[in-house]
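**Student:** The following block contains the structure, expressed as structure tokens.
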């Protein structure tokens with residue numbers, strides 16, 4: 001069994017009586033990547049700072065490599081936790097060269113030069129070790145920050161909004177590079193982001209946080225397909241909701257009859273992703289196209305059902321047959337997500 | 342001059358980068374113990390003088406205190422001081438606003454030159470300024486000398502209220518000028534253009550839009566001047582105006598019953614506090630008026646037209662009186678002294694005394710400032726607000742008050758320190774601590790706490806972080822603080838007069854005694870030197886301001 005690199009139990013932190021972090025328990029096996037995903041102000045950065053030791057929790061326990069670093073009566077200072085951190089603004093020491101920055105966390109007696117070279121090699125910056133931080137591009141600064149955090153071989157690396165300071169055009173490429181560097185280093189990683197695409201594409205596990213609470217911890221696929229609550233579903237991308245009624249394991253809604261997925265009888269909310277609705281242009285259809293937003297490789301069609309409800313459908317390709325006013329038929333998947341009302 | 346220069350310094354360094362505000366709520370950790378201990382000691386040192394003054398005054402007994410407070414002389418001094426502060430404040434506002442507008446918003450010929458020249462009076466320590474005014478305009482001064490052939494053997498007296506008003510206005514209006522100028526530059530010209538496009542004449546736009554937006558800058562500058570006037574000792578004493586500071590000094594040196602001086606000093610503190618409270622109230626409101634940050638476009642200059650000549654005459658004569666005349670007088674007496682065979686030898690020992698005392702004070706003040714600034718910036722909270730208040734108490738206390746308190750304290754409890762260099766350095770330290778803390782703090786605000794956290798997560802203890810990261814990055818702020826305390830220490834007069842060891846003369850006390858005895862030639866050389874020293878200090882403060890804006 002793989003070792004658990006980091007575990008938190010019932011972690012809570014209050015600022016002036018409001019819970020910034022509320023009863024957060026999570027654990028992450030060695031070598032895995034976890035994304036803390038949530039809107040700004042949801043407590044994800046505070047969670048990171050609690051794990052790093054920059055803030056003391058008001059309640060809870062933290063274990064690094066099964067060693068307690070925080071619990072009642074014990075608060076191991078950040079410098080003794082073996083938790084590396086890459087800050088949003090990188091926080092490179094402006095008065096030190098790249099090499100000195102990377103060497104800063106290495107013990108005095110170690111073979112520092114070798115380790116510095118090794119780590120800089122890993123991030124692909126070996127030839128700029130004598131430069132000062134202000135002489136580097138944003139992407140280079142970030143890789144130095146990574147190298148600095150990785151050099152002492154921490155049990156866990158924390159990244160706070162790692163890509164928010166980069167141009168949108170650069171972000172995708174840097175994301176792949178950074179993931180590769182961290183994988184090559186064998187690092188265990190927790191990173192904070194408000195961008196679901198970033199979370200889904202980088203992480204093995206995604207933890208969704210809102211208002212200080214951890215709402216769901218799951219693989220990216222499960223999270224997207226089966227959000228635990230309606231608010232998580234809304235947060236994770238564009239989505240449709242319809243009201244429906246369950247009766248004897250059959251769902252009845254405006255799109256017809258569907259399997260009830262074992263839900264008890266009663267009113268429900270039906271969640272359907274726009275890309276799961278298939279449209280057919282036909283005068284006998286039950287809905288009308290209201291607006292069409294064309295994006296190139298896909299398009300978003302807004303429909304109005306004759307009952308007045310509105311739905312969105314995302315279709316691939318540049319077909320021009322769904323123009324406002326067009327009547328359409330809608331086919332929905334059998335596998336819809338239901339939330340009791 | 343010190344109170345105001347340092348005050349200006351902090352007002353200007355209050356601007357914080359965005360991240361401090363964003364992350365402030367997260368700074369909830371407790372500070373390291375060694376920082377707290379040192380900071381509490383420093384705060385204690387800063388609070389000692391005023392606290393002891395209260396004890397001392399209370400020791401006189403309630404009926405005695407009431408008796409002193411109700412003396413006609415006390416009441417006269419109180420209203421005289423308050424009146425002078427008000428009059429100087431008003432005069433400085435009128436001159437400062439006019440000059441700011443002329444040099445920023447009009448086509449005044451030689452604007453760039455005037456922009457610098459009109460600030461220069463700030464470089465004259467008020468007692469140097471007063472000395473030059475007396476030497477020039479005194480009843481038997483230089484002007485009378487030139488007018489002698491016309492049969493004028495005496496000019497109207499410059500002493501008393503008119504002289505004090507003239508001197509203090511001339512050498513303090515730059516505070517208003519600088520603050521209003523910053524306000525004018527921050528004002529988005531599109532506001533005025535919007536008003537014009539809505540049908541207002543330029544004149545009405547000035548009264549309805551421009552002036553209301555400048556109100557906070559005017560208040561800030563004016564109150565700074567008033568505060569300065571209350572704390573000034575050198576100019577009013579030389580010009581023999583009975584203000585608080587002079588009355589305190591006379592009471593102190595003339596009588597054996599020193600509780601009168603203590604009560605007067607406390608009353609002065611009360612008056613100063615009143616003004617400070619008014620100022621912070623105004624400043625709180627001022628934020629409301631802050632104009633848009635993106636005002637980079639320059640307003641089109643107003644054409645002065647037929648007002649060009651009067652504007653030039655006004656600007657020219659203020660500059661002439663505030664800088665030209667003093668420099669002329671100093672130069673005149675320097676040369677005249679030379680020709681008359683009077684030794685212009687500064688006295689190397691005097692220079693050395695000044696350098697030693699203020700150099701030591703600078704070192705001590707900056708060392709004391711570091712833990713205080715770290716606590717204030719990195720661990721803001723209720724307790725550090727108290728720390729800030731006690732350390733910044735120096736602002737509220739005129740130099741003579743601090744000096745007097747330390748004289749009492751030294752004579753009673755620390756006789757081994759009384760009239761030693763250590764005592765003088767301590768007084769300077771308390772007095773200039775706000776300046777050192779201000780510079781250190783401004784510099785610390787530029788250092789992201791993330792840097793320190795990064796160092797912690799890389800395995801360093803708080804103390805190691807302080808020496809390897811914060812310390813080195815703080816160096817520019819520390820050198821600024823060092824320079825400021827050193828330079829202002831060189832100019833310090835009242836504390837030196839009261840606390841210096843016997844026969845320990847400095848440049849400041851030399852100018853003072855020479856002017857009192859009308860040995861103008863003897864005052865000239867040290868004056869010139871102090872003007873230079875002071876010019877460097879002003880230059881440092883102004884470049885700090887530039888960097889912030």
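Residue numbers (the numbering used here), protein chains in the order written: chain A, 1 to 341; chain B, 342 to 890.
By construction, the Cβ of each residue, glycine as well, lies at the ideal position given by its N, Cα and C atoms.
Under 8 Å by Cβ, that's how I've got residue 549(B) and residue 535(B) pegged, so tell me the actual separation to the nearest angstrom.
**Tutor:** Here residue 549(B) corresponds to residue number 208 of the second chain, with the count starting at 1. Here residue 535(B) corresponds to residue number 194 of the second chain, with the count starting at 1. Their Cβ separation, rounded to whole angstroms, is 12 Å, which puts residue 549(B) and residue 535(B) out of contact at 8 Å.
**Student:** Let me check one thing: in DSSP terms, what residues is residue 821(B) bridge-paired to?
**Tutor:** Numbered from its first residue, the second chain carries residue 821(B) at position 480. In the DSSP output, where bridge partners are listed per residue, residue 821(B) has none listed.
**Student:** Is residue 760(B) closer than 8 Å to residue 835(B) when the C-beta atoms are compared?
**Tutor:** As a working mapping, residue 835(B) is identified with position 494 in the second chain. As a working mapping, residue 760(B) is identified with position 419 in the second chain. Contact: no.
**Student:** I'd like to know if residue 89(A) contacts chain B, where contact means its C-beta is closer than 8 Å to some C-beta of that chain.
**Tutor:** Locating residue 89(A) in the first chain gives position 89, counting from the first residue. It does: the Cβ of residue 89(A) has a partner Cβ on chain B nearer than 8 Å.
**Student:** Within 8 Å, do at least three Cβ pairs link the stretch 538-555 of chain B to the stretch 569-588 of chain B?
**Tutor:** Segments in contact, no.
**Student:** Please specify which runs of the beta strand (DSSP E), each continuous and at least 3 residues long, are wholly inside the stretch 38-89 of chain A, giving them in chain order.
**Tutor:** 59-64, 67-71 and 83-86
**Student:** Any beta-carbon of chain A closer than 8 Å to the one on residue 721(B)?
**Tutor:** Counted from its first residue, the second chain places residue 721(B) at position 380. No, residue 721(B) does not count as interfacial toward chain A.
**Student:** Applying a beta-carbon distance threshold of less than 8 Å, which residues of chain B neighbour residue 85(A)?
**Tutor:** Here residue 85(A) corresponds to residue number 85 of the first chain, with the count starting at 1. Going along chain B in sequence order, the residues near residue 85(A) (Cβ under 8 Å) are 794, 795 and 798.
**Student:** Taking the C-alpha atoms as reference points, what is the distance between residue 212(A) and residue 55(A)?
**Tutor:** Residue 212(A) sits at position 212 when you count from the first residue of the first chain. Residue 55(A) sits at position 55 when you count from the first residue of the first chain. Each residue's alpha carbon lies about 15 Å from the other.
**Student:** Can you pull the chain B residues whose beta carbon is under 9 Å from the beta carbon of residue 72(A), in chain order?
**Tutor:** Numbered from its first residue, the first chain carries residue 72(A) at position 72. Result: empty, since nearest Cβ-Cβ is about 17 Å, beyond 9 Å.
**Student:** Where residue 481(B) and residue 659(B) are concerned, what is the direct C-alpha to C-alpha distance, given to the nearest angstrom?
**Tutor:** One-based indexing of the second chain puts residue 481(B) at position 140. One-based indexing of the second chain puts residue 659(B) at position 318. If I take the Cα positions, the gap works out to 23 Å.
**Student:** Tell me the rounded alpha-carbon separation between residue 220(A) and residue 256(A).
**Tutor:** For the purposes of this step, residue 220(A) is identified with residue 220 of the first chain, where counting begins at 1. For the purposes of this step, residue 256(A) is identified with residue 256 of the first chain, where counting begins at 1. Computed Cα separation, rounded: 30 Å.
**Student:** Would you tell me roughly how many angstroms separate the C-alpha atoms of residue 108(A) and residue 805(B), rounded to the nearest one?
**Tutor:** The residue you call residue 108(A) lines up with position 108 of the first chain. The residue you call residue 805(B) lines up with position 464 of the second chain. Roughly 13 Å separates the two Cα atoms.
**Student:** Mind checking the stretch 805-827 of chain B against chain A and listing, in chain order, the residues whose C-beta falls within less than 7 Å of any C-beta there?
**Tutor:** 810, 813 and 814
**Student:** Which runs of the alpha helix (DSSP H) fall wholly inside the stretch 729-759 of chain B and span at least 4 residues, in chain order?
**Tutor:** 734-737 and 740-754
**Student:** Any beta-carbon of chain B closer than 8 Å to the one on residue 322(A)?
**Tutor:** Within the first chain, numbered from 1, the residue matching residue 322(A) stands at position 322. For residue 322(A), not one C-beta of chain B is nearer than 8 Å to its own C-beta.
**Student:** Please classify residue 184(A): is it buried, with 16 or more other beta-carbons within 10 angstroms of its beta-carbon, or exposed?
**Tutor:** Taking the first residue of the first chain as 1, we reach residue 184(A) at position 184. Label assigned to residue 184(A): exposed.
**Student:** Quick check: the stretch 748-768 of chain B against the stretch 723-732 of chain B, are there 3 or more CB pairs under 8 Å?
**Tutor:** no
**Student:** Using the beta-carbon of each residue, which ones in chain B are nearer than 9 Å to residue 79(A)?
**Tutor:** Taking the first residue of the first chain as position 1, residue 79(A) is located at position 79. Near residue 79(A) (Cβ distances below 9 Å), the residues of chain B are 796, 797, 798, 799, 800, 801, 802, 803, 805 and 806.
**Student:** Chain B beta carbons: is any one of them nearer than 8 Å to that of residue 148(A)?
**Tutor:** Within the first chain, the letter at position 148 stands for residue 148(A). With 8 Å as the cut-off, residue 148(A) counts as an interface residue toward chain B.
**Student:** Is there a Cβ from chain A that is less than 8 Å from the Cβ of residue 789(B)?
**Tutor:** The residue labelled residue 789(B) in the question sits at position 448 within the second chain. Yes, because at least one Cβ of chain A sits closer than 8 Å to the Cβ of residue 789(B).
**Student:** Let me confirm a value: residue 312(A) is counted as buried when at least 16 other C-beta atoms fall within 10 Å, else exposed. Which label applies?
**Tutor:** The residue you call residue 312(A) lines up with position 312 of the first chain. So residue 312(A) ends up on the buried side.
**Student:** Along the stretch 291-315 of chain A, what residues have a CB closer than 7 Å to any CB found in chain B?
**Tutor:** none
**Student:** Report the residue from 291(A), 337(A), 304(A) and 127(A) whose alpha carbon sits nearest the alpha carbon of residue 224(A).
**Tutor:** Counting from 1 along the first chain, the entry for residue 224(A) is found at position 224. Among 291(A), 337(A), 304(A) and 127(A), the Cα nearest to that of residue 224(A) is on 337(A).
**Student:** Among all the DSSP beta bridges, which residues are the ones paired with residue 21(A)?
**Tutor:** By 1-based counting over the first chain, the position of residue 21(A) is 21. For residue 21(A), the pairing in a beta bridge is given by DSSP as 13(A).
**Student:** Whose Cβ in chain B lies nearer than 7 Å to the Cβ of residue 95(A)?
**Tutor:** For the purposes of this step, residue 95(A) is taken as residue 95 along the first chain, with counting starting at 1. Chain B residues near residue 95(A): 813 and 814.
**Student:** Select from the stretch 96-109 of chain A all residues with a C-beta closer than 7 Å to any C-beta belonging to chain B, and list them in chain order.
**Tutor:** 104 and 105
**Student:** Since residue 313(A) sits in a beta bridge, which residues does DSSP pair it with?
**Tutor:** Against the first chain, residue 313(A) aligns to sequence position 313. Per DSSP, 301(A).
**Student:** Under 8 Å Cβ-Cβ, which residues of chain B neighbour residue 152(A)?
**Tutor:** Position 152 of the first chain holds residue 152(A). Under the 8 Å cutoff, chain B gives 799 and 800.
**Student:** Compare the C-alpha of residue 560(B) against each of 653(B), 718(B) and 433(B) and name the closest.
**Tutor:** Here residue 560(B) refers to the residue found at position 219 when the second chain is read from its first residue. With distances taken between Cα atoms, residue 560(B) lies closest to 433(B).
**Student:** Against chain B, which members of the stretch 32-59 of chain A pass a CB distance test of less than 9 Å?
**Tutor:** Across the stretch 32-59 of chain A, CB contacts with chain B closer than 9 Å involve 45, 46, 49, 52, 53, 54, 55 and 56, in sequence order along the chain.
**Student:** When the distance is taken between beta carbons, is residue 780(B) closer than 8 Å to residue 52(A)?
**Tutor:** Sequence index remark: in the first chain, residue 52(A) carries index 52 (1-based). Sequence index remark: in the second chain, residue 780(B) carries index 439 (1-based). Note that the C-beta distance between residue 52(A) and residue 780(B) is not below 8 Å.
**Student:** Under the three-state reduction of DSSP, which class applies to residue 634(B): helix, strand or coil?
**Tutor:** Locating residue 634(B) in the second chain gives position 293, counting from the first residue. Residue placement at residue 634(B) is poorly supported in this model, since its pLDDT is 47, which falls under 50; the coordinates still yield a value, given next. Correct three-state label for residue 634(B): coil.
**Student:** For a test of the three-state rule: what should DSSP assign to residue 810(B), helix, strand or coil?
**Tutor:** Sequence index remark: in the second chain, residue 810(B) carries index 469 (1-based). In the structure shown, residue 810(B) sits in a helix (DSSP, three-state: H, G or I).
**Student:** With a threshold of 16 other CB atoms inside 10 Å of the CB of residue 464(B), please say whether the residue is buried or exposed.
**Tutor:** Position 123 of the second chain, counted from the first residue, corresponds to residue 464(B). It is buried - the Cβ of residue 464(B) has at least 16 other Cβ atoms within 10 Å.
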